[in-house]
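K.L.:
Can you keep this structure in mind? I'll have questions shortly.
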Amino acid sequence: MVRKTFKNIVFILTLRCDQASRLISYSQESPLNKAESWALSFHLLICRMCRKYKKQLKFMRDILSRLAESRLYDIIVPSLLTEEQAETLRGRISKKIHEKLDSM
Amino acid sequence: MPRENKSASNAHQNIDRLVQQHARTLYLYALTRVGKQDIAEDIVQDTLLAALQSWQNFAGKSSERTWLIGILRHKILDFFRQHRSHESVDEQSWQKEYFDKAGHWKDKMVSWKADPETLVENVEFRKVLQDCLKELSRVMAQAFVMREMEDKSTEEVCKLLEISQTNLWVRLHRARLQLRRCLELNWFI
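Read top to bottom, the protein sequences are chains A and B. Using our numbering, the first residue of the first sequence is number 1, and each one after it goes up by one. Using our numbering, the first residue of the second sequence is number 105, and each one after it goes up by one.
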């Protein structure tokens with residue numbers, strides 16, 4: 001018991017950025033245990049880099065959930081697909097589907 | 105027989121209109137998730153074909169676009185299921201890329217000053233984001249896309265990819281580190 005407590009205290013006080021970044025990431029998946037959560041809170045108090053990382057992960061989550069909306073794919077992004085390329089694409093897809101339907 | 109002929113000719117007529125109205129959007133939606141143009145194109149084609157074949161199921165409760173996106177999402181997950189990677193993810197080797205021996209960050213970590221809502225509609229940013237997503241290896245990308253964009257639960261993703269929870273977490277962690285660096289270097293610096 002004493003040994004475990006001691007181990008936890010050492011863990012809490014000596015958490016490194018590589019470990020902290022992992023905990024930040026894991027905390028998005030499932031709640032951390034007590035020792036992990038204390039360790040991360042303590043680390044974030046003293047580490048500006050990991051505070052930024054945490055913020056940026058939140059930012060990325062936000063951006064990606066917005067990117068998931070289908071409405072966004074109606075916005076024309078020429079560098080992703082020009083109107084000319086889109087037209088060629090439509091032609092190819094149409095042709096293939098017509099062929100497939102005929103062969104059924 | 106006459107009935108079948110009629111539905112077949114209807115299908116043919118519908119193709120061109122569906123392709124004209126939706127192919128571009130469906131393609132970009134798929135491309136964001138699978139990263140490869142030829143694969144995205146095949147998935148769109150399968151989606152539209154499936155839509156034509158199950159036209160009678162389209163009840164008109166949602167818009168045609170929403171219905172098609174629903175089919176497309178199934179097709180994307182099917183693709184992930186068929187192409188899941190069982191490559192094991194080694195803990196040690198890749199961490200060196202992001203952290204030094206003492207466990208400190210190697211990256212610069214600049215402040216990101218932007219509003220997500222406006223940024224995501226910025227066409228140049230969209231291109232950068234798309235390119236960064238494309239850079240993720242398949243091992244990471246599938247897990248990441250399902251979790252962060254398709255909003256699947258940890259359990260669902262593990263089941264579909266046939267991986268352990270720990271393995272999924274490592275994949276996600278690695279994907280986040282890589283994507284963060286890519287966005288920082290190509291947009292925020």
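For glycine and all other residues, C-beta sits at the position ideal for the given N, C-alpha and C.
How many Å lie between residue 215 (chain B) and residue 205 (chain B) at the Cα?
P.N.:
Counted from its first residue, the second sequence places residue 215 (chain B) at position 111. Counted from its first residue, the second sequence places residue 205 (chain B) at position 101. Cα to Cα, the separation comes out at about 24 Å.
K.L.:
By the 8 Å beta-carbon criterion, what residues does the segment 90-101 of chain A contribute toward chain B?
P.N.:
So the close ones are 90, 92, 93, 94, 96, 97, 98, 100 and 101.
K.L.:
Are the beta-carbon atoms of residue 288 (chain B) and residue 56 (chain A) separated by less than 9 Å?
P.N.:
Position 184 of the second sequence, counted from the start, is the residue given in the question as residue 288 (chain B). Position 56 of the first sequence, counted from the start, is the residue given in the question as residue 56 (chain A). Their beta carbons are under 9 Å apart, which means residue 288 (chain B) touches residue 56 (chain A) by this criterion.
K.L.:
How big is the Cα-Cα spacing for residue 168 (chain B) and residue 154 (chain B)?
P.N.:
Reading the second sequence from its first residue, position 64 is the one you call residue 168 (chain B). Reading the second sequence from its first residue, position 50 is the one you call residue 154 (chain B). Distance between the alpha carbons of residue 168 (chain B) and residue 154 (chain B) is about 13 Å.
K.L.:
CB-CB under 8 Å to residue 143 (chain B), same chain, minus the five flanking residues each way: which ones, in chain order?
P.N.:
In the second sequence, the residue the question calls residue 143 (chain B) occupies position 39. Around residue 143 (chain B): 134 and 183.
K.L.:
Cβ closer than 8 Å: which chain A residues qualify as neighbours of residue 169 (chain B)?
P.N.:
If you number the second sequence from 1, residue 169 (chain B) lands on position 65. What residue 169 (chain B) touches in chain A: 70.
K.L.:
Since residue 77 (chain A) is in the alpha helix (DSSP H), which residue starts that stretch and which ends it?
P.N.:
Here residue 77 (chain A) refers to the residue found at position 77 when the first sequence is read from its first residue. Here residue 77 (chain A) belongs to no alpha helix (DSSP H), and DSSP marks it neither H nor E.
K.L.:
From the beta carbon of residue 77 (chain A), is the nearest beta carbon of chain B less than 9 Å away?
P.N.:
Indexing the first sequence from 1 puts residue 77 (chain A) at position 77. Yes, because at least one Cβ of chain B sits closer than 9 Å to the Cβ of residue 77 (chain A).
K.L.:
Would you grab the beta carbon distance between residue 188 (chain B) and residue 265 (chain B) for me? Rounded to a whole angstrom, and I think it's under 8 Å.
P.N.:
Translated into positions along the second sequence, residue 188 (chain B) becomes position 84. Translated into positions along the second sequence, residue 265 (chain B) becomes position 161. Indeed, because the Cβ distance is near 5 Å, the residues count as touching under 8 Å.
K.L.:
For the alpha helix (DSSP H) that contains residue 297 (chain B), what are its first and last residues?
P.N.:
In the structure as shown, chain B starts at 105 and stops at 293, and residue 297 (chain B) therefore has no counterpart that could be examined.
K.L.:
Mind checking if residue 32 (chain A) is an interface residue toward chain B, Cβ cutoff 9 Å exclusive?
P.N.:
Within the first sequence, the letter at position 32 stands for residue 32 (chain A). Closer than 9 Å: no.
K.L.:
Using three-state DSSP, classify residue 216 (chain B) as helix, strand or coil.
P.N.:
Here residue 216 (chain B) corresponds to residue number 112 of the second sequence, with the count starting at 1. Residue 216 (chain B): coil per DSSP, three-state reduction.
K.L.:
For the alpha helix (DSSP H) containing residue 11 (chain A), list its first residue and its last residue.
P.N.:
Residue 11 (chain A) sits at position 11 when you count from the first residue of the first sequence. Unbroken alpha helix (DSSP H) run through residue 11 (chain A): 2-13.
K.L.:
Relative to the C-alpha of residue 239 (chain B), which candidate in B:136, B:116 and B:123 has its C-alpha closest?
P.N.:
Position 135 of the second sequence, counting from 1, holds the residue named residue 239 (chain B). When each option's Cα is compared against that of residue 239 (chain B), the closest is B:136.
K.L.:
Just by C-beta distance, which residues in the segment 2-14 of chain A are closer than 8 Å to chain B?
P.N.:
Under the 8 Å Cβ criterion, the segment 2-14 of chain A contributes no residue.
K.L.:
Could you check what DSSP says for residue 162 (chain B) in three-state terms: helix, strand or coil?
P.N.:
Locating residue 162 (chain B) in the second sequence gives position 58, counting from the first residue. Looking at residue 162 (chain B) - three-state DSSP - the assignment turns out to be coil, as it is neither helix nor strand.
K.L.:
Under 8 Å Cβ-Cβ, which residues of chain A neighbour residue 207 (chain B)?
P.N.:
In the second sequence, the residue the question calls residue 207 (chain B) occupies position 103. Here the neighbours are 16, 17, 18 and 19.
K.L.:
So the alpha helix (DSSP H) residue 40 (chain A) belongs to, where does it begin and stop?
P.N.:
Position 40 of the first sequence holds residue 40 (chain A). Note, residue 40 (chain A): alpha helix (DSSP H), 34-46.
K.L.:
Are the beta-carbon atoms of residue 112 (chain A) and residue 76 (chain A) separated by less than 9 Å?
P.N.:
Outside the modelled stretch of chain A, which goes from 1 to 104, sits residue 112 (chain A), for which no answer is possible.
K.L.:
Across the segment 31-44 of chain A and the segment 6-15 of chain A, are there enough close Cβ pairs to call them in contact, namely three or more that are closer than 8 Å?
P.N.:
Contact between the segment 31-44 of chain A and the segment 6-15 of chain A is present, because at least three Cβ pairs lie under 8 Å.
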